[in-house]
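First the structure, in the form of structure tokens, and then the observations on it.
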């Protein structure tokens, strides 16, 4: 198990992020909560100095079953329990929602769930499955985030483009009227429909942008540059990555009938960003890869910006 993953499950085939314990069928919320190791609560307790003096204005978020301190927060901080996250998704997506993965990072400081939306889209003749990701922190380090992550079914590439015409994510801070904010997040499905509609239009626009082989090679060098003053080893490593991306554009079987265009290129970059082995495989690189399902992938965003300017 990867270094920062405390507990996690996934359904059937190993997902692109490669994390978790395999289960045969996608569970409902009650079973998913247990399989993910998230069937615990956060309690808030006062903080005292070594001489038993109360520290005003702050509390400790403590996990109930093992008394682990998850973080120190202000009095204004409102806890959103793990079961509330699943309840939100249950209510949003309706009866029978299936959870593809869920889990805990950093000993409970960060938790998430990922559910497949019930409607699959056919965009430019291809099957695109949208997933809803709900991420929460219990250590006070971040907001609750809800994001849409479209996945190209044939190859499991994430296609979460940063569109100017539609947002794919929403967040709330842990203060104020939390329940009211969560109810407001019910607009997420409307947001998803708008984003997928905009994504479909953008895919069509990208298909119309024809690319020469020379342009593709130039764009790859821009995305994966060999820096001035690089050592021979660094130069060889970057050339290896460039060759990897070239293969994903020119040789990928699932892109052979797409045509030589910007849509093909953005898929090749997504495939590289989602599946390529990094030069330095850090202990937490899989967790970092998974986190980009919410935050977006800088490499894909950069490629999209280049294509828009083409």
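In my numbering, the protein residues as written are 759 to 1068. Beta carbons are placed, not taken as given, at the ideal position from N, Cα and C, and that holds for glycine.
Identify every residue that forms a DSSP beta bridge with residue 873. 857, 890
Measuring CB to CB, does residue 950 end up less than 8 Å from residue 875? yes
Between the alpha carbons of residue 991 and residue 1023, how many angstroms are there, rounded? 27 Å
Close Cβ partners of residue 967 (< 7 Å) along its chain, the five nearest in sequence each way excluded: Within the same chain, residue 967 has close Cβ partners 1019, 1020, 1065, 1068.
Within the stretch 775 to 800, note down every full beta strand (DSSP E) run reaching 3 residues or more, in order along the chain. 779 to 781
Measure the CB-CB distance between residue 812 and residue 819 and report whether it falls below 8 Å. Not closer than 8 Å, so no.
Would you decide whether residue 912 is buried or exposed? Buried here means 16 or more other CB atoms lie within 10 Å of its CB. exposed
For the pair the stretch 872 to 892 and the stretch 947 to 961, tell me if three or more CB-CB distances fall below 8 Å. yes
Expressed to the nearest angstrom, what Euclidean distance is found between the alpha-carbon atoms of residue 1016 and residue 936? 46 Å
What is the rounded straight-line gap between the Cα of residue 972 and the Cα of residue 1005? 14 Å
Contact defined as beta carbons within less than 8 Å: I believe residue 767 pairs with residue 793. What is the distance between those atoms, to the nearest angstrom? Right, their Cβ atoms sit about 4 Å apart.
For residue 805 versus residue 919, is the C-beta spacing smaller than 8 Å? no
Sorted by chain position, which residues of the same chain lie with C-beta nearer than 8 Å to residue 764's C-beta, five sequence neighbours on each side aside? 795, 861, 862, 863, 864, 865, 866
Close-in-space but distant-in-sequence residues of the same chain around residue 1003 (CB under 8 Å, 5 per side omitted): Excluding sequence neighbours, residue 1003 sits near 978, 981, 982, 1026, 1027, 1030, 1034.
Rounded separation between residue 838 and residue 1055 - CA only: 27 Å
Find the nearest neighbour of residue 1061 within the set 1009, 989, 974, 984, judged by alpha-carbon distance. 974
How long is the line joining the alpha carbons of residue 832 and residue 817, rounded to whole angstroms? 6 Å
How about residue 843 and residue 855: do their beta carbons lie closer than 8 Å? no
Just to confirm the assignment: which complete alpha helix (DSSP H) runs, minimum length 4, are found wholly within the stretch 997 to 1025? none
I'd like the span of the beta strand (DSSP E) that includes residue 953, first residue to last. No beta strand (DSSP E) contains residue 953, which is instead part of the alpha helix (DSSP H) from 946 to 965.
Reference residue 849; option with closest CA among 976, 786, 934: The residue with the shortest Cα to Cα distance from residue 849 is 786.
Note down the Cα distance separating residue 1053 from residue 922, rounded to an integer number of angstroms. Approximately 15 Å between the Cα atoms of the pair.
Using the Cβ count rule (16 or more neighbours within 10 Å means buried), how would you classify residue 783? exposed
Return the first residue and the last residue of the beta strand (DSSP E) that residue 918 is part of. First-last for residue 918: undefined, no H or E at that position.
With DSSP collapsed to three states, give me the class of residue 1031. Note: residue 1031 maps to helix in three-state DSSP.
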